[in-house]
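Remarks on the structure that follows.
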Amino acid sequence: MNQLFEDLSFVENPQYESIIEDILAQQYSIVEDFFTSEEVSVLRESLIEKNEEDAFKKSAIGNRVNELIIKSVRGDIILWIDELKANKAELLFFNKINSLINYLNKTCFLGILHKEFHYAMYPKGTFYKRHIDTFQNDDRRKLSIVCYLNEDGWLPENGGELVLYLDENGKETEKVIYPFPGRVVIFESQIIEHEVKPVNKERMSITGWLKTR
Ligand code: OGA
Ligand code: MN
Numbered sequence: 034m035n036q037l038f039e040d041l042s043f044v045e046n047p048q049y050e051s052i053i054e055d056i057l058a059q060q061y062s063i064v065e066d067f068f069t070s071e072e073v074s075v076l077r078e079s080l081i082e083k084n085e086e087d088a089f090k091k092s093a094i095g096n097r098v099n100e101l102i103i104k105s106v107r108g109d110i111i112l113w114i115d116e117l118k119a120n121k122a123e124l125l126f127f128n129k130i131n132s133l134i135n136y137l138n139k140t141c142f143l144g145i146l147h148k149e150f151h152y153a154m155y156p157k158g159t160f161y162k163r164h165i166d167t168f169q170n171d172d173r174r175k176l177s178i179v180c181y182l183n184e185d186g187w188l189p190e191n192g193g194e195l196v197l198y199l200d201e202n203g204k205e206t207e208k209v210i211y212p213f214p215g216r217v218v219i220f221e222s223q224i225i226e227h228e229v230k231p232v233n234k235e236r237m238s239i240t241g242w243l244k245t246r
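Quick note: the sequence shown uses my numbering, first residue 34, plus one each step.
Structural data, given as structure tokens:
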């Protein structure tokens, strides 16, 4: 009888548990099949549709000199996603992300209160030089999340590896991660320097941040 009144809102989730373990141990986690291939294609279609509508803006827009400088740092074009105006694909995306956030907040006391996500498309020949995801005057970004939306069969010669620069007992090591569809990479925004190597084929993703207040 009593168990009827048990709080069943929290059920241990092995995938989320291993994300948490990884992040505690090494400040990053690589999750395979976070999105099914069905979900990846729905999200990729949404990205492509918006890109064709020309809704994407260059990753940062300023004057021409500015633009040239920025292009030498990053060449992706992005579109921020408004959860309040989410289409079907984006609802699916935020359902999964929100469930992860709830889990993290219940088990880790991370205090994630905000999130921001954008589509990103790297045209052939573009890259994102080594950087860290937090701004000098804003340290609210806690976790970076990158979700790859490429088609099946991403080849090494397509480039576009995400490289994480890790510190192993004072020695720098590189963790090379290919942008395979369905794969999600989560890392500590304030700690891990990283870069996107030049792409030889259009590279698609959704990238975002979980933030504290
Ligand atoms: C970024 C970023 C990594 C990736 O958008 O800040 O580092 O693999 N993206 O796309
Ligand atoms: Mn980054």
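Ideal placement from N, C-alpha and C gives every residue a C-beta, glycine not left out.
TODO: Answer yes or no: do Tyr61 and Phe220 have a C-beta to C-beta separation smaller than 8 Å?
DONE: For the purposes of this step, residue 61 is taken as residue 28 along the sequence shown, with counting starting at 1. For the purposes of this step, residue 220 is taken as residue 187 along the sequence shown, with counting starting at 1. Against a cut-off of 8 Å, the Cβ pair of Phe220 and Tyr61 comes out as a contact.
TODO: Throw me the rounded Cβ distance for the Gln48 and Val64 pair, which I believe falls under 8 Å.
DONE: Here residue 48 corresponds to residue number 15 of the sequence shown, with the count starting at 1. Here residue 64 corresponds to residue number 31 of the sequence shown, with the count starting at 1. Correct: roughly 7 Å between the Cβ atoms.
Open item on the list: I need the straight-line Cα distance from Lys104 to Ser238, nearest angstrom please.
Closed with: Along the sequence shown, one-based indexing puts residue 104 at 71. Along the sequence shown, one-based indexing puts residue 238 at 205. Looking at the two C-alpha atoms, the distance is approximately 19 Å.
TODO: May I have the straight-line CA-CA distance separating Glu116 from Ala122, to the nearest angstrom?
DONE: By 1-based counting over the sequence shown, the position of residue 116 is 83. By 1-based counting over the sequence shown, the position of residue 122 is 89. For Glu116 and Ala122, the distance between alpha carbons rounds to 11 Å.
- [ ] Within the stretch 97-132, note down every full alpha helix (DSSP H) run reaching 4 residues or more, in order along the chain.
- [x] 97-104
Task: Check your reading: residues with Cβ closer than 7 Å to the ligand OGA heavy atoms - done: Asp109, Ala153, Tyr161, His164, Asp166, Ser177, Val179, Leu195, Pro212, Val218, His227, Val229, Ser238, Thr240
Open item on the list: My assumption, with CB atoms under 8 Å, is that Glu190 sits in contact with Asn233. Please give the rounded CB distance.
Closed with: Counting from one through the sequence shown, the residue named residue 190 turns up at place 157. Counting from one through the sequence shown, the residue named residue 233 turns up at place 200. Confirmed, Cβ separation roughly 6 Å.
TODO: Check Val44 in the structure and name its three-state DSSP category.
DONE: Reading the sequence shown from its first residue, position 11 is the one you call residue 44. Reduced to three states, the DSSP call for Val44 is coil.
Open item on the list: Quick check: the Cα distance between Ser222 and Thr245, rounded to an integer number of angstroms?
Closed with: For the purposes of this step, residue 222 is identified with residue 189 of the sequence shown, where counting begins at 1. For the purposes of this step, residue 245 is identified with residue 212 of the sequence shown, where counting begins at 1. If I take the Cα positions, the gap works out to 12 Å.
Task: Under the three-state DSSP convention, the category Thr140 falls into - done: The residue labelled residue 140 in the question sits at position 107 within the sequence shown. Thr140 falls in the helix class under three-state DSSP.
Task: Candidates Ser79, Lys230, Gly241: closest to Pro156 by CA position - done: In the sequence shown, residue 156 corresponds to position 123, counting from 1. When only C-alpha atoms are compared, the closest one is Lys230.
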